[in-house]
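> In our numbering, the protein residues as written are 269 to 357. Just so you know, even glycine gets a beta-carbon here, dropped at the ideal spot from N, CA and C. The structure is given below, and queries will be raised subsequently.
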């Protein structure tokens with residue numbers, strides 16, 4: 269059995285995929301204030317740990333809708349009118 273791969277980084281990564289437009293606008297808003305995205309995410313995590321209820325309350329109106337996880341279901345082909353025999357003249 270091959271040896272387990274060891275992660276070279278001490279801290280685990282975090283991957284998110286925000287909407288492209290939102291990411292662009294947020295990057296611009298931070299850049300306009302001489303800030304960068306990676307530090308902003310770390311600052312948000314730090315603020316959450318310091319005051320979970322207060323920080324989350326400030327985000328309530330910005331919280332994204334929950335997206336379904338996993339693979340999308342396979343689409344089934346709907347019946348067309350030509351397939352139905354009840355409406356035949």
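What are the uninterrupted segments assigned as beta strand (DSSP E) that are 3 or more residues long and contained completely in the region 298-331, given in chain order?
Listed in chain order, there is nothing to give.
> For residue 306 and residue 343, what's the separation of their Cα atoms in angstroms?
Here residue 306 corresponds to residue number 38 of the chain shown, with the count starting at 1. Here residue 343 corresponds to residue number 75 of the chain shown, with the count starting at 1. Those two C-alpha atoms are separated by around 38 angstroms.
> Restricting to Cα atoms, I'd like to know which of 318, 315, 341 and 286 is closest to residue 332.
As a first step, residue 332 is located in the chain shown; it is residue number 64 there, counting from the start. Of 318, 315, 341 and 286, the residue nearest in Cα terms is 286.
> Near residue 315, which residues of its chain fall below 6 angstroms by C-beta distance, leaving aside the five closest residues on each side in sequence?
Taking the first residue of the chain shown as position 1, residue 315 is located at position 47. Answer for residue 315: 323, listed in chain order.
> Is residue 294 helix, strand or coil when you go by DSSP?
Position 26 of the chain shown, counting from 1, holds the residue named residue 294. The answer is helix: DSSP assigns residue 294 an H, G or I state.
> Report back the beta-carbon spacing between residue 298 and residue 304 to the nearest angstrom; my notes put them in contact at under 8 angstroms.
The count along the chain shown starts at 1 and reaches residue 298 at position 30. The count along the chain shown starts at 1 and reaches residue 304 at position 36. Their Cβ separation, rounded to whole angstroms, is 6 angstroms, which keeps residue 298 and residue 304 in contact under 8 angstroms.
> Does DSSP put residue 333 in a helix, in a strand, or in coil?
The residue you call residue 333 lines up with position 65 of the chain shown. Coil, per DSSP.
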